[in-house]
Every structure is written in structure tokens, then in C-alpha cells.
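So the structure is just underneath, and the comments pick up after that.
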Amino acid sequence: MIRLIIVLCVALALGVGLGRLMIEDAGYVRISWQNWLLETNVWIGGALLILGYVLLAVAWVGLRKFLGLRSDVAGWLADSGQARARRRTIKGLIAYAEGDWHRALRYLSRSADKADTPLINYLAAAQCAQELGQFEEADKLLNLAQQSTPEAEIAVGVTQARLLHARQQYEACLSALKRLKDKRPKHPLVLELLADVYAQLGDWVHLTALIPELQKARVKPVAELRALEVRAWVGRIQATGDQIARQEGASRSVEPLNQLWDSLPQHLREDGEVVDAAIRQWVLLGEADMAERILRKVLRRHWNDRLIRDYGLLPASNPDEQLLWAENWLKERPGNPDLLLTLGRLCLRTRQWGKAREYFEAALKQRRDTETLFELGRLDAHLGKPEAACKVFLSAIGDTIKLPDLPQPAR
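Per our numbering, the sequence shown starts with residue 51, numbered consecutively.
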């Protein structure tokens, strides 16, 4: 209260003093510009200056507020557009998860340009277009994805490769995957897709070369990788054999197949499926003796029931020697039904009919097998035992075809 009284007293004193000055000496101000002339005293001129300053200040503040309002409106509109794009993106992703491709494509593609993450919108929309069979639209969306986020080249490339793979456009997919592999050599999905494309194209050479990289990257479980490795080498062996078979005259040589066998990892040279494929190719190319030597070596190191059956089918030039080897193996594995079947077949090749029959019967005592039954029946038929052969054949047929239990005429 005291401070207010002091301020009022000071203001009153200043007012009185200023009034006396205005009365005693008003002063004189003259402003001339072209044809204009302004004459007034100092006090009015000063008041006009102050008023002008106040008006300019008010105008400046008003202008700034107006411009700020426009900026706020523009920002609000922008925020409104982004919010709308965000809502549409969420709806699109929900539809995508539900498998509603039409709805998802509409929401995701229309909101992509204003979305916070346009890359996600474009990639998901491309997948939707793919599911709808709109391949050109899918490719267009992938291009937009690349333009929206240039640093996401790998993500866009992987998506493109997956879409091409799904369309079974393997050549185009292979080109895309090779570019990706140059940039990301250890990318798991790129390696996995590349392996499948090589398999689809029958490019066994490149697939077998890729196997070690797949194993290091652990792109699949160990069992699946082992199966893929076997498939790749079997395919390569068959392709090599086919290529040799197409050769004619003196240029034909099985040396490429021999070299391929020598290049196989040791664990594959003991794999039944791989060995079986190689043996068949040697036999088809007229190299049964080579097949016999290789197969005998494999069996001595790593026994395989499937391969011992193959051994009995080889048309090698010395079946007597084969029979001796097989009989030695029987000492180590008495009662092995597959070995007994092979012994019976080798006895047929050496024309030891009675011994062959004994081996077939011994094999059937160990395990009932349709193939062995047919061998025994065929032998009985040629030995002049039609009734025994008929009985065996009926038994074998009964194993493959189950007839209903119905009344039959008496004999």
C-alpha cells in the first residue's frame, strides 16, 4: 500500500512538471516533403511518434499471430492425415493377419504414402497382391517400397525373391537371389531359397557346392540338411550318368562318373541312397564290374541291407566270386534275410538251382518277403513243380492284395 502511494506521488509530480514545461515552452516542429507540409509543437509531434510506434507494434504482433495460426492449421491438417493413415494401416494389418487380401490391399496401399513406415505398408500390400494373383501390382508395390526406403534394399529384394519363388518363376528368382547373395553372403533365407531354386532347376552342381554354406548357416535342422545333401548328390550322379549315356563312339567315357565318386565326402560314400544311385549308373553304362568292386568295398566297411540286395542284382562278369564273398558275409551275419535272398539270386546266376531254393526258403523263415516269395515261385515253376509254384505265387499275391473272406468251391 505504501509502495502504491509512493508511485502515485512520483507520477503526480512528473505530470505537474511536464504540464508546466508544455505551458512555458510548447516548442515547434516542421516537416516538409514534396508538396506536403506538417507544422506542430514538440509535444504533439512526440505523441504522434509514440502512437505510430504503438500501432506498428500492434500490427506486428497481429501478423505474427496470424502466421502462427496458419502454421498451426497446417500442422493440424498434417497430423490429421498421419493419424488417418495410421488407422488405415492398423486396419490393413489386421485384415492381412486374417487373410482378407482384398481389404488389406486397399487399406495398406492407400495409406502407404502418409504412413509412419511406408516400407511395411508396401511390402505387406505386395504380398496381398501376390495372394490375389495380381503379379504386376505386386511388382509395382515393391518398386514403391524401394523408393520409399532406399536403405531397405535387402528386405525388398528378399520379398521379391519369395514372391517369384511362389510364382515358380525360378530363373528370375535365381537372378534376384544371386544379387542378394553378393551383398549378404550369409543371409539364411537367401541361402535357403537359393538351395530350393537350384533343386527345382536341377542344378545339382551348384546345389552340392552350396551345401557347406547351408550347414554353416544352420538354415534347417540337421536331418533336413542331410536329406538335402543326399538328394543333391544323387541328382548330380544321375545327371552325370545321363550326360555320359548321351555320348557316342570313342568319346564316351565313364571317367567323369569315377571322378565324381572319388570327390564324394566319405560319409556319402557309405550312404545307401547315394551308393545305390552310383551303382545303377555304372550298370546302365555297362560297367557292372566297376559297380561290383565299389559295392563290395562299401559293404566290407559299412554294412547296409539295401545295398546287399543290390549286390545280388549286379550282372558282373564273375558271379562265382560274388557268391564266395556273399557266403563269407553270411558267416558274420547268419540268418540275415536280405543276404540270404542275394545268395539265392547269385546261386541262380551260377546255375545252382537246389542251393538257390534252399537260400530262398531260409530267407522266408527269417522274414516273410513278397520279392523272395516270387523268386521261389518262379524257381519252382522252372523246376517243374507247378503246384508248389502256384501255392507260393498265391501266397505272395495274398500279401499284396487282401481279398475278402468269401465262400469258395470245394476241390
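Ideal Cβ positions, reconstructed from N, Cα and C, are used throughout, including at glycine.
For residue 365 and residue 375, the rounded distance between their alpha carbons = 15 Å
task = Decide if the stretch 238-251 is in contact with the stretch 261-278; the criterion is three or more beta carbon pairs, one per stretch, under 8 Å apart.
result = yes
message = Tell me the DSSP secondary structure of residue 317 in three-state form.
response = coil
Buried versus exposed call for residue 154 [16 or more other C-beta atoms within 10 Å across all chains shown] = buried
inquiry  = What would DSSP say about residue 151, mapped onto helix, strand or coil?
reply    = helix
inquiry  = What does the alpha-carbon distance come out to for the pair residue 434 and residue 421?
reply    = 20 Å
inquiry  = When you compare the CB positions of residue 462 and residue 227, do they come within less than 7 Å of one another, or not?
reply    = Outside the shown range of the chain, which is 51 to 461, sits residue 462, and nothing can be said about it.
key: Length-filtered (4 minimum) alpha helix (DSSP H) runs lying within the stretch 352-435   = 355-361, 369-382, 387-399, 403-416, 420-432
key: For residue 232, the first and last residue of its enclosing alpha helix (DSSP H)   = 220-233
key: residue 149 to residue 348 span [Cα, whole Å]   = 53 Å
task = Just the C-alpha distance for residue 308 and residue 373, rounded to the nearest angstrom, thanks.
result = 25 Å
request  = May I ask you to verify whether the stretch 317-329 touches the stretch 293-301, counting CB pairs closer than 8 Å and requiring at least 3?
outcome  = no
query = Just the Cα atoms here: how many angstroms apart are residue 128 and residue 134?
reply = Confidence at residue 128 is low in this model, with a pLDDT of 45, below 50, so the placement of that residue should be treated as unreliable; the coordinate-derived value is given next. Residue 128 and residue 134: Cα-Cα distance of roughly 10 Å.
task = Compute the beta-carbon to beta-carbon distance between residue 176 and residue 192, rounded to the nearest angstrom, for a pair I have assumed lies under 8 Å.
result = 5 Å
task = Could you tell me which uninterrupted alpha helix (DSSP H) segments, each at least 4 residues in length, are contained entirely in the stretch 153-210, listed from first to last along the chain?
result = 168-181, 185-198
inquiry  = Rounded to whole angstroms, what is the Cα-Cα separation between residue 56 and residue 103?
reply    = 29 Å
request  = Name the residue from 262, 381, 382, 410 whose alpha carbon lies nearest to the alpha carbon of residue 393.
outcome  = 410
ask   = Hey, how far is the Cα of residue 382 from the Cα of residue 389?
value = 11 Å
message = Here's a check: name, in chain order, each residue in its chain whose Cβ is nearer than 6 Å to the Cβ of residue 311, leaving out the five neighbours to either side.
response = 328
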